Amino acid sequence: MTHQTVSPGALSRPEFIGLVAALMALNALAIDIMLPALPNIGAALGVANENERQLVVSSYMVGFGAAQLFFGPVTDRFGRRAPLFFGIGLYVLCAICATFAPTFAIMLGLRFVQGCGAAATRVIAMSVIRDRYSGREMASVMSLAFMVFMAIPIIAPGVGQIFLSFGTWHLIFIFMTVLATLIGSWAWLRLPETLHPEYRRELKLSVVADGFRAVFSNRVAFFYGLCGMLFFSAMFGFIICTQQIFVGIYHLGAWFPVAFASVAALMAVANFLNSRIVKHFGMRRVSHLATLIYLATGTTILILALMGPVNFWAFYGLLMILQFVFAWATSNMNSLSMEPLGRVAGTAAAVFGFMQTVGGAVIGTFIGQQFNGTLIPNATAYVVMGALVLCCVLIAEKGKLFGVGVEYQAAPVIAE
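Going by the working numbering, the first residue of the sequence shown is number 8, and it counts up by one from there.
Given below as structure tokens:
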């Protein structure tokens with residue numbers, strides 16, 4: 008059941024979805040547009056080791072994840088708008104400074120702080136969705152937001168490649184600056200305050216601790232949040248190796264952005280389909296089935312990789328299946344983790360965001376560092392993470408799969 012009472016002139020459902028997706032897209036942009044430029048940045052800043060260049064992405068992800076623990080309690084106290092614009096401002100400032108970074112160490116530092124700023128967009132995006140929707144409707148809205156959000160991974164590597172064709176990697180940071188400014192202006196003009204005064208929480212240690220305790224003590228919410236972390240670990244391990252896999256192993260060259268974009272496009276389609284079917288089958292049934300398919304597909308890739316070099320089209324076909332069900336699983340599991348925690352939505356979004364991004368970045372970086380010119384490290388990660396996700400689901404659901412679960416009420420929504 009949902010409560011969607013808004014004041015006249017408030018965001019329509021389509022504009023709300025578009026704006027939330029755009030806010031989340033700033034994070035995807037800061038990751039995916041960099042992928043074609045990693046060799047150029049490494050060459051310009053004196054980094055010869057390919058695996059070390061991955062740290063341009065990893066440092067951003069660590070900052071992005073860690074700062075969410077700060078923004079969660081802050082947004083539960085002061086509302087959604089003020090922390091959002093502070094974060095976007097920090098994101099823009101670091102993007103500008105990165106164009107002048109004289110050393111690789113300074114570049115990594117700026118990327119870390121830029122990630123800290125982007126943390127606000129993730130926490131606020133998840134919070135306003137939970138403020139406004141609940142149950143299967145929340146899962147549907149989140150899927151549609153992720154569908155629009157996936158447009159960035161589709162086009163970002165190609166945009167990055169275009170900038171590199173006509174200029175240097177510095178243009179990429181300028182583009183980030185302009186786009187973040189435009190999206191921030193849209194939010195400033197159109198996004199109302201969605202946190203009802205009754206739900207504001209004091210910024211005191213005891214109150215903050217109570218919020219974190221509520222998140223960690225809820226078995227269903229916590230273990231579905233952990234599922235997201237495990238899935239994103241495998242995904243991040245793949246993302247930071249995509250250039251090495253598609254170009255190094257399969258020699259796609261300039262076709263690399265096309266291959267990457269097609270995978271992201273399929274994930275967008277998967278999220279759109281999920282927004283439809285989840286209303287009929289529920290979050291648990293869809294995500295549980297997706298997890299089983301994910302594990303089976305990852306196992307198939309690993310078996311083929313252990314047998315020797317894998318034909319590109321065989322790998323590509325299996326990768327498409329894997330990413331399709333990944334989208335189904337993570338979208339619904341994110342909703343399941345937020346569902347019981349409406350009264351501490353900001354803190355919950357922060358905790359799960361921290362788990363998924365820092366945990367995903369640390370584990371994913373470890374996976375990426377194991378790259379050895381074959382698909383074996385990434386395929387192993389798919390299997391191990393898929394198996395661990397299944398274990399977490401069984402713990403969350405007390406050993407049962409494909410259940411229905413309990414539906415919760417959304418919080419009242421107000422205008423600014």
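Glycine included, C-beta positions come from ideal geometry on N, C-alpha and C.
As the structure is a computational prediction, the values presented were derived from the model and not from experiment.
Of the candidates GLY360, PHE23, LEU382, the residue whose Cα lies closest to the Cα of ILE190 is PHE23. Here TRP320 is exposed, its C-beta having fewer than 16 other C-beta atoms within 10 Å. Rounded to the nearest angstrom, the gap between the Cα atoms of VAL396 and VAL227 is 13 Å. Positions of the alpha helix (DSSP H) runs, each at least 4 residues long and wholly inside the stretch 139 to 195, are given as 142 to 156, 158 to 173 in order along the chain.
Measuring C-alpha to C-alpha distances from PHE93 to each of ARG84, PHE107, PHE78, ALA105 identifies PHE78 as the nearest. Taking all protein chains in view, the Cβ of MET314 is surrounded by fewer than 16 other Cβ atoms within 10 Å, so the residue is classified as exposed.
In this structure PRO384 is buried. Its beta-carbon is surrounded by 16 or more other beta-carbon atoms within 10 angstroms.
Rounded to the nearest whole angstrom, the C-alpha separation of LEU100 and GLY305 is 40 Å. Annotation note: the stretch 52 to 116 contains the following uninterrupted alpha helix (DSSP H) runs of length 4 or greater, listed N- to C-terminal: 57 to 60, 62 to 73, 75 to 85, 88 to 105. A direct Cα-to-Cα measurement between PHE267 and MET154 gives close to 16 Å. When rounded, the separation of the alpha-carbon atoms in GLU205 and ASN225 is 22 Å. Ranking ALA29, ASN34, GLY25, THR387 by CA distance to the CA of THR364 puts ASN34 first.
In this structure, the alpha-carbon of GLY353 lies about 33 Å from that of THR249. Just measuring C-alpha positions, the residue of ASN318, ASP138, PRO43 sitting nearest THR381 is ASN318.
Here DSSP, grouped into helix, strand and coil, assigns THR387 to helix. With a threshold of 16 other beta carbon atoms within 10 Å, PHE245 meets it and is buried. For HIS287, the uninterrupted alpha helix (DSSP H) run begins and ends at 263 to 288, by DSSP. Measuring C-alpha to C-alpha distances from VAL400 to each of ARG137, LEU296, GLU144, SER19 identifies LEU296 as the nearest. The Cβ atoms of LEU329 and TYR389 lie closer than 9 Å to each other.
When the five nearest sequence neighbours on each side are left out, the beta carbons in the same chain lying within less than 8 Å of the beta carbon of TYR323 are those of ALA266, in order along the chain.
If the five residues before and after MET290 are omitted, its C-beta is found closer than 6 Å to the C-beta atoms of ALA146, ASN339, SER342, LEU343, all from its own chain and listed in chain order.
In the DSSP assignment, TYR323 falls within the alpha helix (DSSP H) that extends over 319 to 345. Of the candidates SER66, ARG283, PHE111, LEU196, SER66 places its Cα closest to the Cα of GLN121.
In the pairwise beta carbon analysis, the stretch 168 to 176 is classified as not touching the stretch 60 to 76: fewer than three pairs are separated by under 8 Å. The alpha carbon of PHE253 has as its nearest neighbour, out of GLU404, ALA102, PHE378, GLY406, the alpha carbon of PHE378. Close CB contacts of PRO347 within its chain, under the 7 Å cut and outside five residues either way in sequence, are with ASN225, VAL227, ALA228, TYR415 (chain order). Linking PRO164 to ARG208 through their CA atoms gives a straight-line distance of about 41 Å.
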